[in-house]
Amino acid sequence: MTWFRAASAAAATRCGRGFHSTALRPRSAAPAPRAVPLSRLSDSFLDGTSSVYLEELQRAWEADPSSVDESWDNFFRNFVAQASPSAGVSGQTIQESMQLLLLVRAYQVNGHMMAKLDPLGLDDRAVPEDLRLGLYGFTDADLDREFFLGVWRMSGFLSENRPVLTLREILSKLQQAYCGPIGYEYMHIPDRDKCNWLREKIETAKPRDYDKDRRLVMLDRLIWSTQFENFLATKWATAKRFGLEGGETLIPGMKEMFDRAADLGVENIVIGMPHRGRLNVLGNVVRKPLSQIFSEFTGGTRPVEGEDGLYTGTGDVKYHLGTSYDRPTRGGKRIHLSLVANPSHLEAVDPVVIGKTRAKQFYSNDADRTKNMGILIHGDGSFAGQGVVYETLHLSALPNYTTGGTIHIVVNNQVAFTTDPRAGRSSQYCTDVAKALNAPIFHVNGDDLEAVVRVCELAAEWRQTFHSDVVVDLICYRRFGHNEIDEPSFTQPKMYQVIKNHPSSLKLYEQKLLGSGDVSKEDVQRIHDKVNHILNEEFTKSKHYVPNKRDWLSAYWTGFKSPEQISRVRNTGVKPEILKRVGQAITTLPENFNPHRAVKKIFELRAAMIESGEGIDWAVAEALAFATLIVEGNHVRLSGQDVERGTFSHRHAVLHDQETGAKYCPLDHVAMNQSAELFTVSNSSLSEFAVLGFELGYSMENPNSLVLWEAQFGDFSNGAQVMFDQFLSSGEAKWLRQTGLVVLLPHGYDGQGPEHSSARLERFLQMSDDNPFVIPEMEPTLRKQIQECNWQVVNVTTPANYFHVLRRQIHREFRKPLIVTAPKNLLRHKDCKSNLSEFDDVEGHPGFDKQGTRFKRLIKDRNDHKQVEEGINRLILCSGKVYYELDEERKKSERSDVAICRVEQLCPFPYDLIQRELKRYPNAEIVWCQEEPMNMGAYSYISPRLYTATKALGRGSFEDIKYIGRAPSAATATGFLSVHVQEQSELVKKALQPEPIKFP
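Just add 82 to wherever you are in the sequence shown, counting from 1, and you've got the working numbering.
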C-alpha cells in the first residue's frame, strides 16, 4: 500500500526511527515521502506526533499541491472533494481517516486470524490486537457515524468513488470478506496490481452466489467423493486405502478448478499428490476405471504371461499408482489430466511434476505457459516439514525452470500421522513457507463446499492471470487414523471425540440446499441411488477384470520397446562432414563478440582440434555429441550447479562478452533456424533434490531428448538420494515409466579430500538389479542385457567413448537412466585425447569394429596383442582415471608382461568382453585395481561377476581374483594431500610389482 509506505517514510524522515521527535521542517520544505520496509511500520502513526505531522503535510499541500508526494496529493484531493458536501462526514478528521484506513488494512493483513476456518471448532487463536476497534480511537458511539474511505489507486474498500458508509457497515463488510469461511493472506505481496486484483475479487459488495444447476453439479460431485470412500470402507474394511474422509470437498473443488482452468485456456494438467485421497482422485477426477481400482483391492491381476510385449515390472501398491485421461469439462471442453506415480516419500514427487509440466510446455510450443499447468497436492505436515517443498518453490520463477505458476492444494488434516501442529512446525500456518515466494494463500474451511469451490476457482484465475504460484489451504480433518486400521485416539483423544460426533461435509451441504429449497429430498436420493448403482456395477465387473497390455507409452513413446522386446543395437558414429560442420559451428564466435582472453584461447585451440582432427578433449567431445544430436532433431537439455561454465572451467557452453556482458551460446547455432530451447544449458539453484527431480520429470515426457543433470561434485549427489532410490533406480520396475536421464557425477581421487573425491559409485552399483551369478544372453542379435537392467553405470576414460555413450542414449529403441562417473583431472590430461576419426562411421577408422562405430563397453590393452598372448602373466582390470597412472607406471617399469584393460561399462557387466580378454591371456594373474577404498568403488560389484565369468571358463576360484586399492575406510578419502600422494603411489606400484599379488 504505497500511501501507507509513503506516509511512514515521511514520518520516519521527520521524527526519527521511533517517531518520538516533534521537530518540524519549514513548511516550504515538505518532504517527498519514500517507501520503507513493512518491518519499519509502527503503531506510533496513531499518536499525537503523527497527527501533527499530517496536519503539517496538509498545510503544505494547501499552500502548494506539488510540494507533496503524488500519493498525498491524491489523498487530500479525494478527502476534500468527498467530505465537503456531506454533513454526515463533515466532522471526519484526517486522523480519523488515517485510522479507518489502518483498520481496513488490519483486516486485509490479519482478518484471516478471525476467519472461521476450523470445521471442528477447536481453533482457539486469540483475536489480534490490531483488529480491535478501540485501538483506532473508535467506540461503540461511532458505529453509526458515516465515513468516507476513498484512497488513491486502491481497489476494494479503498477504491475511489465508494459510497459513504457507517462504521458499522464498514466493519460488517470487512468481517464478511475476511472473517468468514475463507481466510486470505496476500498483503505480503509487494505488487499493487496483484493486491488490487485480489481485493476486487475479495471485497465485493456481495459474495458470489451459485445458481440451482451449479449447486446440483457440486452436490453430485460431493456425493461421488463421499460414496466412493463409503463403498471402499464397506467392501474392504481392513484394507489400507488412505481415504479422504473428512476432506471430501477436495474432489468437487478440484473438478471446479479444472473446469475453470479449461475455460481460461489450460489443455493439460499434471498432478502430483501423496497417498491420502489418491484413490478418490484417481477414480473421480482422473477417471481411472473403477473396476480396475476395485480389482487392485483384491490383490490385482498381472497380465497373462507370454503376451507379446508384456511389461509388468514388480508393481506398486494401489495408492502410489498414476494414470492419465482426457476429461470433458463442465464448459464443454476437454482437458488432459496426468497423475504422476510416486513413492511414500512425501513431497518427493513435487519437482518431478514441475519438470514434466515444463517439458509439456516445450513440446507443445506453449511459450506463454498458459496451456500446461502443474497441480501439487500436499499434506499439512509435509508442506511445512519437507525441504524439497522449499527447493521446488524456488524453481518457480527461474527462467529455465518456471512453468508459469503451480497451484498448491494443502489437504490440511490438522495433524501429521500422530504429530500435532505445534510439534510439527514453528509457524502459524503450515503454508507460511510459500510467503517467501510472494504467493497468495487462501485458507478455507473444508466443510464449506461453496467456499472451497470459490477459492479453487480463484486459484485457477490467479494462475492464468499472473503466471505464478498460489496456495489453497483446505482445512479439514481426518475421520480415521493415518490409515484405516490405525487408532488415532491414542494421541489425539479430544480431537477424535469431536470428529466422532461431527457431521460430514455432504450432510452439511445437503441440509443447506434442502433448507434453501434449491433441491428436494427426492433430488438428493436420486443422485445417491445413481452413484451406488454405478459403484456396484463396477464392483461386479472387477471380479472378472483382466488388465490389457500395460499402458505405459504416451504418443511420443510409440514404437519404443519394453524389456521383453528385443531392441537392435545401433551405431553411434557420425559422417565426417557433419562432424566437421558442427565442429566449426561450436568453435566459431561472432566477430563483434569479446570473450575473456583465456576463453578466446580455449576456443582457438578447439577450432584447431576440429581442423586437424587430432587431440579432441573431453569438452569438445561432449559438445560434438550435443551438436550432432541437435542437427538430427533431438532436444538437448543440461542443468545443474555451474554447468554453463562447468565446475572445472572446462565446458564454457555460455560465453560472456567482457565489455557488454552479453551472452553467446555456440550450441544455439548448429542447425538452420534452430529454436531457442532446442539446446538448453542452465545453471540451477543450489539444490540437488529438486533439480534432479525436475530433470527426471522433464526426461519422462518425450524420449527424443537427451536430458542431463550434473552434480557440482559427485559427492553432492547424495543430497538427492531419495530421487535415486525411489525414482531413478526403481521407477520403471514399479510404474513402467522409462527415462533416459543422464546423471554426470564428477569422480576421481586427486587429493581434494573426502568431500570432493567420490561420487559414491558403490551405491549406484549396489542398487543395480542384475544377477551376479548368472551370465545373461550375450549374443549381439539376442542380447537384452541393458533392457533388463534397471540402469547403466559407466566410468569412461576417453573423449570418444564419452561421445558415443551420450549418443547411445538416443540411438536405441528404449530408454534407461545412465550414471556417468565424470572425470576431473582427465578433462585436461595430456593422454586423455581422441582423434576425430574415432567419432565417425568410416570403416577402417580407429573407432570402427566389426559392428561399426559405437560405445566400447571395455577397452582392450593399448598394445596390439594377438588373439592369444601366453606371455602375459598379469591382467589388470580397472576403470576410470587410475588407468592412466597404471599405464604410466607400466612404461616406467617396462613391464611388457602386464596387460591393462579398462571396464568402461560397469553395469550391466560386460561378461562377453571380459571373457574375451580372459581367453586372450590364459596364463595371466587376474587383478582388479581401483583408487577407492575396498568397501567403496566398484570392487564389491565387480568381484562376484568377475568370479562368475572366470568360473564359466574354468579359471580358478574367487580367491584367484586379486584386489589392489585402498584399504577399507569410513571416509571416502584422506584430507591430507601428502597421505593421498603416498597412497596413490603405493597402489599403482603394487599393481605392477614383479612378484605375484598376495590377496587377501
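For glycine and all other residues, C-beta sits at the position ideal for the given N, C-alpha and C.
- In the DSSP assignment, residue 456 falls outside any alpha helix (DSSP H) and lies within the beta strand (DSSP E) extending over 454-461.
- By the Cβ rule, the stretch 177-197 does not count as touching the stretch 488-505, because fewer than three pairs are nearer than 8 Å.
- The C-beta distance from residue 418 to residue 349 rounds to 7 Å, short enough to meet the 8 Å contact threshold.
- Annotation for residue 313: 617 place their beta carbon closer than 7 Å to its own, counting only its chain and skipping 5 residues before and after.
- According to DSSP, residue 498 shares a beta bridge with 501.
- The alpha-carbon separation between residue 785 and residue 469 amounts to approximately 30 Å.
- Along the length of the stretch 775-856, whole beta strand (DSSP E) runs at least 3 residues long occupy 787-792 and 824-826, reported in chain order.
- Beta-bridge annotation (DSSP): residue 1007 is paired with 956.
- In this chain, residue 914 is not harboured by any beta strand (DSSP E), its DSSP state being neither H nor E.
- Residue 681 and residue 738 have their alpha carbons spaced roughly 9 Å apart.
- Judged by DSSP secondary structure, residue 716 falls outside any beta strand (DSSP E); it is assigned neither H nor E.
- Three or more beta-carbon pairs drawn from the stretch 437-450 and the stretch 774-794 are found closer than 8 Å, and the two stretches are therefore classed as touching.
- The shortest C-alpha to C-alpha distance from residue 335 to any of 286, 608, 556 and 997 is the one to 556.
- A Cβ-Cβ distance of about 20 Å is found for the pair residue 369 and residue 324, leaving them out of contact under the 8 Å criterion.
- Within the same chain, 474, 772, 775 and 776 come within 6 Å of residue 433 by CB-CB distance, once the 5 residues on both sides are set aside.
- Between residue 827 and residue 841, the C-beta gap is smaller than 8 Å, which places the two residues in contact.
- Residue state for residue 626 is assigned as coil, using DSSP reduced to three classes.
- Here residue 874 is bridged, per DSSP, to 900.
- With a beta-carbon spacing of about 7 Å, residue 667 and residue 709 fall inside the 8 Å limit used to define contacts.
- Contact between the stretch 963-983 and the stretch 917-924 is not established, with fewer than three Cβ pairs separated by less than 8 Å.
- Between residue 1003 and residue 1034, the C-beta gap is not smaller than 8 Å, which leaves the two residues out of contact.
- Look at residue 998 here: in three-state DSSP terms it is helix.
- Classified as buried, residue 620 has 16 or more neighbouring CB atoms from the shown chains inside 10 Å of its CB.
- For residue 350, the enclosing beta strand (DSSP E) stretches over residues 350-354.
- Here the alpha carbons of residue 723 and residue 792 stand approximately 7 Å from one another.
- Judged by DSSP secondary structure, residue 1047 falls within the beta strand (DSSP E) whose first and last residues are 1043-1048.
- The beta carbons of residue 888 and residue 950 sit no closer together than 8 Å.
- For residue 531, same chain residues with a beta-carbon under 7 Å away, outside a window of 5 residues either side, are 300, 304, 331, 334, 587 and 591 in chain order.
- Counting of Cβ neighbours within 10 angstroms places residue 413 among the exposed residues, the total staying below 16.
- The residue among 277, 544, 1001 and 551 with its C-alpha nearest the C-alpha of residue 458 is 551.
- The C-alpha of residue 858 is placed about 7 Å away from the C-alpha of residue 867.
- The criterion of a C-beta distance shorter than 8 Å is satisfied by residue 746 and residue 672.
- Using a Cβ distance threshold of 8 Å, residue 539 and residue 282 do not count as a contacting pair.
- DSSP places residue 543 inside the alpha helix (DSSP H), whose first and last residues are 531-548.
- Within the same chain, and ignoring the five residues on either side of residue 365 in sequence, the residues whose Cβ sits closer than 7 Å to its Cβ are 310, 372 and 375.
- For a cut-off of 8 Å, the C-beta gap from residue 1010 to residue 1045 is around 6 Å, short enough to register as a contact.
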